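Undergrad: For reference, the structure I am asking about is given below.
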Ligand code: PXL
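In my numbering, the protein residues as written are 17 to 296.
Written out as structure tokens, the structure is:
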């Protein structure tokens, strides 16, 4: 089987482990060719660092897309995340329209915020645009903060508990047309994981593991990258969510044991072997 190709549309933050610095190694370790289309280059991510640089790549993106088109490239998946400007939303929509083939899976991670807070560079117009972009997706991976933004309610107004998470993913499924994997969804004390609505089967399922009682930056990006890789490789949605949930748990346990500051992200690199599934 030819190596599947994924167009990964995210920022590149030089330090702090998120976006392309996790998507590229994870997708590569899983045996996929990751083709990065950077939305911005930052010295660090925006969560917990002061004075970060931010180079907006908006103008470059359509030029990259046009060159890829002229080469006749096609992608088994388009996977978007953190965007650098409002104009990029239309550019990613155009990219999806241009490159969506009959077997292409479109993943939109509707990156906008976490822990009840919108990220510093995300304006209200960008949040509205992200919701519009997410309507083009086959699969979305919001956290609870992003689910509230997509539903147009405050975090406090979200329905609570496992039954609440089921209701959230079903409400976000656009009448069953799109799969939704809600991250940070707990179905009980000492548990965490994902709640999945699978548009292929119409089923909603909780995928849970034991909770590591700490917060880490960038876990959403690690989660969405493993999920994307596993789905492109042919896993079902609950199988892919299981792989992502257990990989995050292993990373969180390793990172907590070292007591790294939250802004360092999860120490995933030594665990990439868990995703390769092969030997020479
Ligand atoms: O993990 C989401 C993310 C991605 N990219 C940048 C960020 C964040 C969250 O803070 O700052 C640059």
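Beta carbons are placed, not taken as given, at the ideal position from N, Cα and C, and that holds for glycine.
A quick note: this is a predicted structure, and the numbers were derived from the prediction, not measured.
List the endpoints of the continuous beta strand (DSSP E) containing residue 224.
TA: Reading the chain shown from its first residue, position 208 is the one you call residue 224. Where residue 224 is concerned, the enclosing beta strand (DSSP E) stretches over 219-226.
Undergrad: Is residue 98 near the ligand PXL, judged by its Cβ being under 7 Å from some heavy atom?
TA: In the chain shown, the residue the question calls residue 98 occupies position 82. Yes, the Cβ of residue 98 comes within 7 Å of a heavy atom of the ligand PXL.
Undergrad: With DSSP as the reference, label residue 57 as helix, strand or coil.
TA: Looking up residue 57 in the chain shown gives position 41. If DSSP states are grouped into helix, strand and coil, residue 57 belongs with the strands.
Undergrad: List the endpoints of the continuous beta strand (DSSP E) containing residue 286.
TA: The count along the chain shown starts at 1 and reaches residue 286 at position 270. Segment: none, residue 286 is in no beta strand (DSSP E) and carries neither H nor E.
Undergrad: Within 10 angstroms of its Cβ, does residue 237 collect 16 or more other Cβ (buried), or is it exposed?
TA: In the chain shown, the residue the question calls residue 237 occupies position 221. Residue 237 is buried by the Cβ-count criterion.
Undergrad: Residue 182 to residue 191, Cα distance in whole Å?
TA: Within the chain shown, numbered from 1, the residue matching residue 182 stands at position 166. Within the chain shown, numbered from 1, the residue matching residue 191 stands at position 175. Cα-Cα distance, rounded: 14 Å.
Undergrad: CB-CB under 7 Å to residue 170, same chain, minus the five flanking residues each way: which ones, in chain order?
TA: Stepping through the chain shown from its first residue, residue 170 is reached at position 154. Taken in chain order, the residues that qualify are 164.
Undergrad: For residue 50, which beta-bridge partners are listed by DSSP?
TA: Sequence index remark: in the chain shown, residue 50 carries index 34 (1-based). In DSSP, residue 50 forms a bridge with 22.
Undergrad: Span of the alpha helix (DSSP H) holding residue 147?
TA: Along the chain shown, read from residue 1 onward, the residue named residue 147 stands at position 131. Note, residue 147: alpha helix (DSSP H), 140-150.
Undergrad: Tell me whether residue 62 counts as near the ligand PXL, meaning its Cβ is closer than 7 Å to at least one heavy atom of that ligand.
TA: Here residue 62 refers to the residue found at position 46 of the chain shown. Yes, Cβ of residue 62 sits closer than 7 Å to a heavy atom of the ligand PXL.
Undergrad: Identify the continuous beta strand (DSSP E) that holds residue 212 and give its terminal residues.
TA: Numbered from 1 along the chain shown, position 196 holds the residue referred to as residue 212. 207-214 is the extent of the beta strand (DSSP E) around residue 212.
Undergrad: Give me the Cα-Cα distance between residue 258 and residue 189, rounded to the nearest whole angstrom.
TA: Your numbering for residue 258 matches position 242 in the chain shown. Your numbering for residue 189 matches position 173 in the chain shown. The straight-line gap from Cα to Cα measures roughly 20 Å.
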